[in-house]
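S.K.: Start counting the sequence shown at 3; every next residue gets the next number (the numbering used here).
Below is the structure I would like to discuss, written out as structure tokens.
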Amino acid sequence: MTDPRPHHYRFAHRELARQVLEFGPRLASPAPDGGSLLPVLVGIWDDYGRTLPPEHRLPSHGLDCRHLQVDGHRVLLVTLPTPTGAAEAHFVAAVHPKGSKKVRYLTLEHALSPFDGSPGTVLGEWDTNGHINYGQGPSPVAELFVAAVLEKVAPKKRGFWRR
3 MTDPRPHHYR FAHRELARQV LEFGPRLASP APDGGSLLPV LVGIWDDYGR
53 TLPPEHRLPS HGLDCRHLQV DGHRVLLVTL PTPTGAAEAH FVAAVHPKGS
103 KKVRYLTLEH ALSPFDGSPG TVLGEWDTNG HINYGQGPSP VAELFVAAVL
153 EKVAPKKRGF WRR
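And the structure:
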């Protein structure tokens, strides 16, 4: 199994997660002027890289983001540079669920089968208590990740007899 690269892993799992959980719903909403958060994300990536030894720094090529609104949920979808190591993220999502006061931070992580080394994904979430592993995730396609994220954050429908 390939170890995660420190810059890639720590950006997605520590630095960006911390900032999303700290700044909350504002990050999941588009800027009033319609501007992109990409320059901000590249700045965070580069600033974080400067804290690492030069041999661990990575360029931001492939880093991208866009805001979505799906069924009343506001989402900042971040595409990361192509992952090569286990637990490096393909995507992360800062989600402000409809009717909620807080934001959630979910990841789609690159994984390798311990049996045959075949690639796969793991769906995860970071909250103030740590990391939650939801198990096997979808193929690393943005639309499939967003669908999996919305399934996790949408309120569960209750049965007819429950209140």
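All C-beta atoms, glycine included, are put in the ideal place defined by N, C-alpha and C.
Are the Cβ atoms of residue 95 and residue 111 separated by less than 9 angstroms?
M.R.: Against a cut-off of 9 angstroms, the Cβ pair of residue 111 and residue 95 comes out as no contact.
S.K.: What does DSSP give as the partner residues of residue 129 in its beta bridges?
M.R.: Bridge partners of residue 129: 132.
S.K.: Evaluate the contact criterion for the stretch 98-106 versus the stretch 63-75: three or more CB pairs, one atom per stretch, below 8 angstroms.
M.R.: Result yes; three or more Cβ-Cβ pairs closer than 8 angstroms.
S.K.: Do three or more CB pairs link the stretch 38-56 to the stretch 119-136 at distances below 8 angstroms?
M.R.: With the cut-off at 8 angstroms, the stretch 38-56 and the stretch 119-136 do not touch.
S.K.: Would you mind stating whether residue 34 and residue 105 have Cβ atoms separated by less than 9 angstroms?
M.R.: Result no, Cβ atoms of residue 34 and residue 105 do not sit closer than 9 angstroms.
S.K.: For residue 22, which of helix, strand or coil comes out of DSSP?
M.R.: Helix.
S.K.: Any idea which residues DSSP pairs residue 122 with across the strands?
M.R.: Bridge partners of residue 122: 113.
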